[in-house]
Every structure is written in C-alpha cells, then in structure tokens.
Amino acid sequence: MLAVRVELTVNGERHEADVWAGESLLYVLRERLGLPGSKNACEQGECGSCSVLLDGKLVCACLVLAAQADGHELVTVEGLGQDGGLHAVQDAFTETGAVQCGFCTPGLIVATADLLARNPSPSDDEIREALSGNLCRCTGYAKIFDAVRLAAGS
Amino acid sequence: MTTAARTLERGRVGESVKRVDAIPKVTGEFAYSSDLFAAGMLWGHTLRSPHAHARIVEIDISDAVGMPRVHAVLTHADVPGAQTYGLEFADQPVLAIDRVRYFGEPVAVVAAEHPEQARRAAERIHVDYEPLEPVVDPERATEQAPIHDGRPTAGHGFRDDARPNVVRTIVIRHGDPDAQAEVSVSGVYELGIQDQAFLGPESGLAVPDAEGGVDIYVATQWLHVDRDQVAPCLGLEPDQVRIHLAGVGGAFGGREDLSIQIHAAMLALHAGRPVKMVYNREESFVGHIHRHPAKIWMEQRANRDGKLVNVRAKILLDGGAYASSSAAVTANASSFACGPYAVENALVECTCVYTNNPPCGAMRGFGAVQSCFAHEAQMDKLAAELGIDPVELRLRNALAPGDSLPTGQKITGSFPAAEVIRRAAALPMPEPEELPRDPLRLPGGSGNTTRGQGVKRGVGFAVGFKNVCYSEGFDDSTAARVRLTGTGNGLEAEVDCAAAEVGQGVVNVILQTARTELELDDVVLGSATTSSVGSAGSASASRMTWMAAGAVQLAARAAREELARRGGELKPAETIDVERVYHHRPTTPLDPETGQVTGDGAHVAYICAAMRVVAEVDVELGLTRVVWIGTAQDVGKAVNPQAVYGQIEGGTAQGLGLALMEEIQTRDGLIANASFTDYLIPTTLDMPPVVAELVEEPEPDAPYGVKGVGEPPTVVSTAAIVSALRDATGRDLNRVPVRPDDIVGLS
C-alpha cells in the first residue's frame, strides 16, 4: 500500500508519521499518534464526534485525509486544557451532568469551545444551531445546553 | 441560564454527585473499546453476507490467505468449539455454516497488520451463494418454510405453537375475554424497526495468553454472560476466557448480544497476537440487533363512565433471523399490552416470528414501547368517543397497589400511576409563541419552509409502564466485593462489581452506596471484569441501580460487621475482603396455556411515567416541531438526582426519534439506510426542553426504595408525541415513525 510521510503539529507538538495514503486524519491521530480522544462514531461527517480545529477551523477529522493536513496545525480535545487544568467548557460539562457515555463529549467540547471563541454569549437558538452537527444519543442535549450556558457565563 | 450549585465530588445516596468518570471523558483520556492498543496488534475484519437468505455452496479463502501481512482467514470450519451461541437459545452461528439468514450475517473473519489490508483480504474470499427466497413479511412467516431446522425455541416451557417460524407465542386470558361493554374502539398500530444507534461502534481487543486462554476487552452490557457464550465456542474453560469492560459508548440494549467477542478471540488465538476489531457505522447497523417492529390490533371495550371492561389485543413482533432476547420481549409486549390500567377482562395474543429481516432483540423499553404506542392511541380514541378528558379517563382506570395485571399478577409494591398522571398533567405548558419568529422555532426549522401559515398546535398525553429486573423465573443476581484496608490512621475501601457502566452512571451508584454504607468518603472502584468478582447481571431492564446498590449494600454491611468483630479497627495493611450476592425476590414463568402467573409472579416490580407534549405541525408540508415536553416519572428513590434527570431527558429523546424519524428501512430484507446520513437520530434542533418531575415512592423490597429510571421515558414519549401530532392534525397517525406523507394525508 502506498505510504506517504506527513508532518503535523498537534496541540503544539510536531509529529511525523508514515501513513497509507488513504488514511484519514482521524485514523492517524487515533492510531498513529496516540491521541484517541477524537472519536470514531460514524466516520462519514455526520456525527461531529471527531471534531478538531485545523488551523483554527472546526472540521471533522474523519473527512480530512491525513495527507491533506500535512504541514498544518491541529488542536484536539487533548490539547484544549492549559497548565494541566480543564478548559472552561470541559469543566462545565462535568459540572452540569452533560456527560453520560461520553462518546460524543470530545467532539461537543471542541465544537463548543469553537462556538464560544466566535460568540462568547450565544442565544439558545444560536447554541442549538451551532451544535446541530454533533450527535448525542444519551443526554437528549438538555444538560449539554446547560453546560454551554455555564461555560459562556464563566 | 443554569443556576445549579456545583455538584459534589464524593456524595452519598440521594445527592447529586459528579460522575467519577467525567474528567477522563471530557479530556479525551477515557479508554473506549475502540481506543485500545497492544504491541504487535493486528486488525480484524468481518466478511458479511450480501444476501438476506441464501445457501452457501462453497467458501474459498485461498486467495486471501496468501496476501501479504494477512495473518488469519477463518470460517466456520475454524470455530474451535460450539458452532452456535445466543443469549437464550444457541441458534446463531459464530460464522455462517451452510446458510445465511440475514443481510450482514458474518461469514468469515480476517486479521491483518493494517485495517485496509484486512478489508482487502476479506474482499478476496470467494463465497458461492445460492440465493433463497427470503421470508420478509411477518404476517406470512408462519405459513412459509422454516428458516431454521427444527424449532430452536421449542421445549422451553413456552406455549406449544407448531406453526413454522414461531419464536414464541403467548396467550393471556383474563376474566371473561368475551365481556361486552357500552362502547368499543379499535385500531391497528405499526412500529418500524428502531436502532439503538449508540455512538461508540462495536469494538474491542482480544489478547491471547501464553496458555491457550484469552483476555477480551470489550464494550458490553453483561461481562459474565458474554464469557458463558464465548468460552464454549472457543472450546475453552470459563476461567480461560477473561472479559474486561472497556469504555462503553452507549448501549441501550444493543450490546446485550455478542458482536466482536468470539471473532476477535478466534483471530487472536489463531495468530498468536492481539487483535483489535472496530466496526464502522455501516457495519454497526448490521452488527447488532434492533428494536422489534410490530403490528398491533387492539380493541378496548368500556362503559360510558369511562371504566375499561375488556381489552383485546393481537401483537405480531418480527424477531428477524435469530432469537436473541425475543422470547422475553414477547412476554413484555403481552404483559403490558393493556397499559397501566385496571381491567377485569382481557385477551392478549402475542407472537414473535423468525424472518430473514434484521435480527431484533433488546432495546430500551423492551416490548413495552410497542404496546404503549397502541394502548395510548386507544385511550385517546376512547376519550374522544366517550367525551371524557383524556387525562381524566386515564386517572379513572389507573392501576394501583392491590390491583392485578391481566396476567393475574397482583401489584404489591409501589405503583404511583395516578400520581405521575396528576403531576405530569399539572405541569404548566408554554404559551403559544408569537409570529413572526425565527424559523428555527417553526416546523421545518432552518429549511425556512413556513412563516407560520398552516402551522397548528397540538397537545398530547400518554402514560406507560414496565417492569424492573428480569422476569419469569430468571435469577439475575448481582455480586459485589468490598475490601477494607487499614492505613495506620483509618481505613481505605475498594469496591468491585462487574456492573457495566454504559453511560447510565452505575459507577456513581456503586460508589455512593459504598460511601453511605461504610460511612467513608474515600472509596475506590475496581475495574469491571470477570476475573475479580461474580456476575452483576446485565446493565438492562432498568435493573442495574437497584441490583448494584443491593449488592454493594450487602457486601459493605458484611465488611462492617467483620470490622466490628475485630474491634472496629484494622492494623496497617490488615484487610477485610468480602463478596456478597444480592438476589431480587423470586419470579416464576407465565402459565403456557393461560398466560397467567404461577407461584411468585412473573415480575419483580414496576415503574411508570406520564408525559404531556406540545407540538406544532405544518399540516400542509407535514413537518413537525416538538415545542415542549413535561413528564413525571416514578423512580422509587433517586440515588443521584442529576443523573436521573439525565436519563429521563435522554430516554425521551430516543422515544422522540421513534415517533418522528428513526426507522431501519429494508427491501427484501436488505438494509437500505445503514448510515447517519439516512438513519436520522434527534439533533439539538429536534429536542425541545424537557421538564421532569420525580415521583419518589419507595419500593418496599429494594435498597433505599430505589427502582430504575432508564426505560419509562422511552416507553412513554413515542406515544405522547404522536398523541400531540394527532391533536394538531386530526389524523389517526397509527404508524411510527410518522412521515410527512402521513400528516398531509398522502399515505
């Protein structure tokens, strides 16, 4: 199988990997770089559980080939907290009971952090629209909305 | 804005406590079953049947075997032990033998160094199929050739029904099934196939040991019953197969049956290397069982005062190709067919059939969802016929302690059906919203399909119930182990319990119970595994809170007694280590001829919920918007109230999905929508606010009076939402999911 070398900066650290040309960015993060926080729920861009920031832009890592990300900067859920502490969005999710099985959680946290960076005080409708690409099967979203409001107010 | 105070880190029973696994889950460190890694690991892949029904003439693996970096290519001929397995009946082949019975049935498995190599190798396996006519219409299944040789479920004490393709038939005769009354309403109701659609795909890692055994790390709902199915198929003793709970990305019943367990273990034992398997979403849709689709014919006879006199129901469930837990689902669908209402006469006939459609088994609500959709539609119809308010009609008939179900089982524990009805009905509904408004708050949403013209508002109501714990003689006990260790200046405690944490929060239930009983804040929870503690039973049937709390309470009290015997203190490193097994009260099977209870009764206890729904419907385009949901639920005692509300909100969302959008579409048994592009589950834009009230009437037999919480919101919400749509449209809407065509009258 055709191998290519990719260089990625993930959460501030440079990584190199020799990958099969067909590998997604999600696969490389999870299986080659030891960063399985981004999740593999649908691998077709429908569920948002693999949401990461690619050069600051929110993307589904499953829809980006690793080779496309060569030379770019990424932030994953593992890189959101600073100085060993939780990001405000992570703290809000733990506080409000927004985590059940938690499989959607990393993607929702990255998407929420992105929303609040762009719009620090979103209305309820803006929250609903911004997070409509992130599926959650456990919570019915109520406590996720609580978490976003709590993080926005903090 | 949320005003919640910060949740506790280490609370006791009855307090809202932060999940012990919350921080690893928000940081990405929590290891789900698809996140695992081992040195030298191979990737497994499954070759599946493209046919719903076919004879296998030949399987030729020779091309695949010789491919580079491919380490194992296995078929049924390589299964070391028993060729079949199953939760209740071992009717499902580990790998298809001479016939495939459903679309996606596993035929061969491959292990290679890269997942793409494994997939390509599987493509090179040549299977010669001779397609057979699939049995796909459950109404005709009992007249077609049997899809299994013999009758896999015969001889288990069930009613003798010799028609082909019958999994189980139950007939419940109660009072005088021919009793007449002043009015009668009837209807025919249908439910499509719902999928659990947990987000974490089936996955896991099998690691061979040096002595012929294997460790399997997997997302499951019941570790010990997995082991008891896996070991015989591997030809191993139970203690050679150790099953460890890996992080579970949701379950909802869909992980009761095996998925990768035997396949990954076979590949690992064959290759002598660890093997990881991860289904993708398409494979997940064929890789687990679904909620039974149903067709229900129901007649209610009542007097003018609203009193139900007789309920007559016929229920047909499509079990698909293998039995899974269909027999128990059949018992539930029939036991709860008359609703949470006192009725002196009933005739309920429920049959589950084998077909070549996707296999069905456990999903949240487990047979009660299907029945609730029918009996609640009937109650609205009856209310309209009698000119009685629908809430009042339900109150007049509500079951209460001392009453009996149509199975003859007398309700001896708590059963606050009237209270949940009153509390749900008393919740203030939102005022109609002004126009114009943001299209996000109109049917059609961001599709911007209306400015409000053609939009009608409706209000619906429903009540539902089901049992807690397993039933009909099944002793689904739970073990827990408590270890106290002296530290020099006090005690440390560790608790082991194999209860599967599937997202519901049982880890907190275990810890809160242990802290309460031991009167210690620092309690550590061991990992859930078959190798350190006895069976916990399944994380299903709304039973895990009750049973885990019961087991931990027993073990903790035993540890405290021993501590007292030793003078109340332990020397440094001195330990007390006790394991105790908690049993719920015994149950007995239904009589196969009459469907009446025998001995102790078929069920342990009941939980109920009532729900009111406000919905808006664009009656011209058939689009819907659920505006508001208010519900009251009987929970016994809330161990962790924040988690209880979370279960109610999430369970409600799954019922909303079945009401409005979720259906596995099949064509001649082939699944046509195995993706989240085509199988839709509710998003943030679909879910309204859910106002929930907890009704805490303690269950006398249960630790702290707990019951369960997972299923009632799912049981009741489909019925309640469609009730609101009927109110808005004036149409019958007798099938879910309700489609736009149904709303505008095109179907």
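Chains as they are written, first to last, in this note's numbering: chain A, 1 to 154; chain B, 1001 to 1747. Each residue gets a CB set at the ideal place from its N, CA and C atoms; glycine is no exception.
Against Gly81/A, the close residues of chain B are Thr1027, in the order they occur along the chain (beta-carbon pairs closer than 8 Å). For the C-beta of Asn1165/B, not a single chain A residue is nearer than 7 Å; the gap to the nearest is close to 32 Å. The straight-line gap separating the alpha-carbon atoms of Leu1405/B and Leu108/A is approximately 44 Å.
Rounded to whole angstroms, the gap between the alpha carbons of Arg1312/B and Gln1370/B is 15 Å.
For chain A, the residues of the segment 1086 to 1119 of chain B that bring a beta carbon within less than 9 Å of one of its beta carbons are His1114, Pro1115, Glu1116, Gln1117, in chain order. Met1611/B is outside the set of residues whose beta carbon lies under 8 Å from a beta carbon in chain A. Contact between Lys1456/B and Ala1368/B fails: their C-beta atoms lie close to 30 Å from each other, not under 8 Å. Taking 8 Å as the cut-off between beta carbons, the residues of the segment 1672 to 1696 of chain B near chain A are Ser1675, Phe1676, Thr1677, Ile1681, Pro1682, Thr1683, Thr1684, Leu1685, Met1687, Pro1689, Val1690, in sequence order.
Per DSSP, Asp1742/B is not a residue of any beta strand (DSSP E); the alpha helix (DSSP H) it occupies stretches across 1740 to 1744. Taking C-beta atoms under 8 Å as the contact rule, Ala1610/B and Val1552/B fail to qualify, at a distance of about 31 Å. At a cut-off of 8 Å, the C-beta of Leu1563/B has no neighbouring C-beta in chain A. Beta-bridge annotation (DSSP): Asp18/A is paired with Arg5/A.
Using a CB distance cut-off of 8 Å, Asn1448/B does not count as an interface residue toward chain A. Straight across, the Cα-Cα distance linking Ala1659/B with Val1614/B is about 14 Å. At a Cβ-Cβ threshold of 8 Å, Val1581/B and Gly1537/B do not count as neighbours.
Put simply, the CB of Ser1034/B is near chain A, with a gap under 8 Å to one of its CB atoms.
Under a criterion of Cβ atoms nearer than 7 Å, the residues of chain B adjacent to Ser49/A are, in order, Leu1199. Burial is judged here by how many other beta carbons sit within 10 angstroms of a residue's own beta carbon; Gln1665/B has fewer than 16 and is exposed.
Contact between the segment 1101 to 1113 of chain B and the segment 1308 to 1323 of chain B is established, with three or more Cβ pairs separated by less than 8 Å. Exclusion of the five residues before and after Leu2/A leaves Ala21 as the residues of its chain whose Cβ lies within less than 6 Å of its Cβ.
Taking a Cβ-Cβ threshold of 9 Å, none of the residues of chain B is close to Gly12/A; the smallest such distance is about 15 Å.
If you draw a straight line from the Cα of Pro1050/B to the Cα of Val1135/B, it is about 16 Å long. A distance below 6 Å between beta-carbons, with the five flanking residues on each side excluded, links Ile1243/B to the following residues of its chain, in chain order: Ile1216, Leu1223, Asp1226, Arg1227, Thr1530.
When beta bridges are read from the DSSP output, Asn1303/B appears opposite no residue.
Per the C-alpha coordinates, the member of Arg14/A, Asp18/A, Val59/A positioned closest to Asp114/A is Val59/A. Residue-level contact by beta carbon fails for Arg32/A and chain B, as no gap is shorter than 8 Å.
Taking the Cβ atoms as the reference, Asp1634/B lies roughly 5 Å from Ile1607/B, within the contact range of under 8 Å.
About 4 Å separates the CB atoms of Glu1693/B and Ala1632/B; that is less than 8 Å, so the two are in contact.
Within chain A, no C-beta atom comes less than 9 Å from the C-beta of Phe1474/B; the nearest is roughly 26 Å away. The C-alpha of Gln1196/B is placed about 27 Å away from the C-alpha of Glu31/A. Here Leu1095/B carries a coil assignment [DSSP, helix/strand/coil].
For His1174/B, the pairing in a beta bridge is given by DSSP as Ala1346/B.
Here Pro1713/B is not near Val1626/B, since their CB atoms are 8 Å or more apart. Proximity of Gln1642/B to chain A, defined by a Cβ-Cβ separation below 8 Å, is satisfied. Note on geometry: alpha-carbon atoms of Gly1458/B and Arg128/A lie some 23 Å from one another. Counting the other CB atoms within 10 Å of its CB gives Gln1642/B a total of 16 or more, which places it among the buried residues.
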